[in-house]
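Comments concern the structure below.
Numbering (the UniProt record's numbering), first residue to last: 1 to 186.
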């Protein structure tokens, strides 16, 4: 279990599901639908939903591309953390938000698999969180023009290596959206 003291709660962390990030992403509609289903379940089960929203010179704060996709609407009481780096913890209030919620376990969904999702998974894990990646609720855009593998291979590889992640006192794993258990380890 988490190495963070007095942090028994789980939170759903929704990373960068923004118009300009997932607009042309692999299986965009299916992934957004899986995220939406998890958001609904988390709310019903009174599990905190924490939103992360990226901005940089290519994704300008306040622009239409910067906005969360229309299928998802953060609740008024749900924390929204703005970031400028891949790791959602880097130079943000995320740790403070999660600490106030008593969160020691994160269920992670969103985009981009090979950038912000990967960085956030590792950032959370090294900070002491238990981290579950939802294998069918993250995606990325095609970067084969720059020598990257096809997106489906990037997703498959991320799901593979995260299911074997290990460290003292922490758990990591990958589950399908239908198999997420918010009340404990999936």
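Note that beta-carbon positions come from the ideal geometry of N, C-alpha and C, so glycine has one too.
The continuous beta strand (DSSP E) containing residue 82 extends over residues 80-83. Between residue 79 and residue 50, the CB-CB gap stays under 8 Å. For residue 156, the enclosing alpha helix (DSSP H) covers residues 151-162.
Non-local beta-carbon contacts of residue 67 in its own chain, meaning distances under 7 Å to residues more than five positions away in sequence, involve 18 and 19 in chain order. In the structure shown, the three-state DSSP call for residue 109 is strand.
For residue 65, no beta strand (DSSP E) encloses it, and the DSSP letter there is neither H nor E. Of the candidates 35, 43, 9 and 99, 35 places its Cα closest to the Cα of residue 134. Note: residue 170 is bridge-paired with 167 in the DSSP secondary-structure output. Just so you know, the alpha carbons of residue 48 and residue 95 end up roughly 14 Å apart. Note on geometry: alpha-carbon atoms of residue 163 and residue 57 lie some 34 Å from one another. By the Cβ rule, the region 123-134 does not count as touching the region 149-156, because fewer than three pairs are nearer than 8 Å. For residue 32, the CB contacts under 8 Å within the same chain, skipping 5 residues up- and downstream, are 17, 22, 69, 71 and 72 in chain order. Between residue 109 and residue 14, the C-beta spacing is below 8 Å.
By the CB criterion at 8 Å, residue 140 and residue 111 fall inside the cutoff.
In the displayed model, residue 115 falls within a helix according to three-state DSSP.
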